[in-house]
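Residue numbers (the working numbering): 3 to 330. Okay, structure first, notes after.
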Amino acid sequence: MKKLGILGACGMVGGTMLQVLRERDLPISELYLFDVGAAVGTTVDFKGKTITVEESTLDIFDRGIDICLFAIDSPISRKYAPIAAEKGCVVVDNSSEWRMTSDVPLVVPEVNGEDIFKNKGIIASPNCNTIQSMVALYPLHKAFNIKRVIYSTYQAVSGAGVAGIADLKRTLNGEEPQCFPYSIAGNVIPRIDVVDENGYTGEETKMIEETKKILHSPSMNVTATTVRVPVEIGHSVSANLTFEKPFELDEVRKILANSPGIVLQDDPTKEIYPTPKQIAGTDEVYVGRIRRDFSAENSLNIWIVADNVRKGAATNAVQIAERLIKGE
Numbered sequence: 003m004k005k006l007g008i009l010g011a012c013g014m015v016g017g018t019m020l021q022v023l024r025e026r027d028l029p030i031s032e033l034y035l036f037d038v039g040a041a042v043g044t045t046v047d048f049k050g051k052t053i054t055v056e057e058s059t060l061d062i063f064d065r066g067i068d069i070c071l072f073a074i075d076s077p078i079s080r081k082y083a084p085i086a087a088e089k090g091c092v093v094v095d096n097s098s099e100w101r102m103t104s105d106v107p108l109v110v111p112e113v114n115g116e117d118i119f120k121n122k123g124i125i126a127s128p129n130c131n132t133i134q135s136m137v138a139l140y141p142l143h144k145a146f147n148i149k150r151v152i153y154s155t156y157q158a159v160s161g162a163g164v165a166g167i168a169d170l171k172r173t174l175n176g177e178e179p180q181c182f183p184y185s186i187a188g189n190v191i192p193r194i195d196v197v198d199e200n201g202y203t204g205e206e207t208k209m210i211e212e213t214k215k216i217l218h219s220p221s222m223n224v225t226a227t228t229v230r231v232p233v234e235i236g237h238s239v240s241a242n243l244t245f246e247k248p249f250e251l252d253e254v255r256k257i258l259a260n261s262p263g264i265v266l267q268d269d270p271t272k273e274i275y276p277t278p279k280q281i282a283g284t285d286e287v288y289v290g291r292i293r294r295d296f297s298a299e300n301s302l303n304i305w306i307v308a309d310n311v312r313k314g315a316a317t318n319a320v321q322i323a324e325r326l327i328k329g330e
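And the structure:
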């Protein structure tokens, strides 16, 4: 039994972490919930107990919390995570703050779960797009050795938090956007995060570098274009893969169908393929539209869809905590 905390417990991701903890029934002796502002002092029911949300202060880790899930922004994680780690608490951080730090494991449990136990007090959970892509790409990488990845993403507004969802609803009503630079209603926006000097956005760079780190393949060729679409929940990724080894499509489908965390939906002639609306509220990664890329040798196109708030954030972090608790 472990003492577990959630920092940022009342936000979209923090609240979903709480729901996933209820569903997965982890062996927790005490659960502590922390937040700021109006959320402090509110109460939450958890498995028959009423838990009061406490204020996030620097001394909250003095009570022997074993694991704390961070559903907070990078600047707060930068301040709080080292303090938690110093006091013996393992932080599972959902922000981008620690992902590319060399001695911090960046983990998708279905892919590199063994890296969880190489932590020095902080474990990073990847970008939402990266998580779902890794679940799908890893078993194919093991089988055929990926040389190159081209990502094109179709990302829900919930990736920008409650402000993104509000902007979709606002602009659907004909009002001016407040979160995105343009109206997202009936539109797509080919920029997520700041644009770097090289022309790539921060979101694109995250996918590129996180893919290499998680797969322990620093020389892999990866590129990405990330796009915001008028969908509330569920990110979709079109991935073009080039392998070192030849493959057969039936073998690809068999590998994916038998890999953990994946649901294969691939019969487009019968309208069977994943869409974000149909998979919202689930924890699996859905794969379909599997087809050979005839323009390049040993190349493949696949379509990957997942709930970005659950598997792309909350569930992945809870799965990491689950592995820590079980010690396997």
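By construction, the Cβ of each residue, glycine as well, lies at the ideal position given by its N, Cα and C atoms. Bear in mind that the values here come from a model prediction, so they are computed numbers and not experimental data.
>> Cutting at 7 Å between CB atoms, please list the residues of its own chain near Ile322, excluding the five before and the five after it.
In response: Val94, Val109, Pro111, Ile118, Ile125, Ser127
> When you compare only the Cα positions, how much space is there between Val287 and Arg26?
Replying inline: 17 Å
>> Taking its Cβ as the centre, do 16 or more other Cβ atoms sit within 10 Å of Glu273, making it buried, or is it exposed?
In response: exposed
>> Here's a check: name, in chain order, each residue in its chain whose Cβ is nearer than 6 Å to the Cβ of Thr173, leaving out the five neighbours to either side.
In response: Pro179, Ser185, Ile186, Ala187
> Are Pro232 and Asn260 close, meaning C-beta to C-beta below 9 Å?
Replying inline: no
> In three-state terms, what does DSSP make of Cys130?
Replying inline: helix
>> Quick test of your reading: Ile216 and Met136, contact by CB under 8 Å. State the CB separation rounded to the nearest angstrom.
In response: 5 Å
> Would you report the Cα separation of Ile78 and Tyr156, rounded to the nearest angstrom?
Replying inline: 28 Å
>> Please state the DSSP three-state secondary structure of Glu88.
In response: helix
> Are the region 193-200 and the region 140-154 in contact at 8 Å, needing three or more beta carbon pairs?
Replying inline: no
>> Ignoring anything shorter than 4 residues, give me the alpha helix (DSSP H) runs that lie fully in the region 202-250, in order along the chain.
In response: 204-216
> Just how far apart, CA to CA, sit Cys130 and Asn318?
Replying inline: 9 Å
> Between Lys149 and Asn303, what straight-line distance do the alpha-carbon atoms span, to the nearest angstrom?
Replying inline: 14 Å
> Out of Leu23, Val22, Gly13, which has the shortest C-alpha to C-alpha gap to Val38?
Replying inline: Gly13
> Whole alpha helix (DSSP H) runs in the region 22-105 with 4 or more residues, listed along the chain?
Replying inline: 76-88
> Using 8 Å as the threshold, is the region 250-267 in touch with the region 285-301, meaning 3 or more CB pairs across them?
Replying inline: yes
> Do you know offhand how far Arg255's Cα is from Asp309's?
Replying inline: 22 Å
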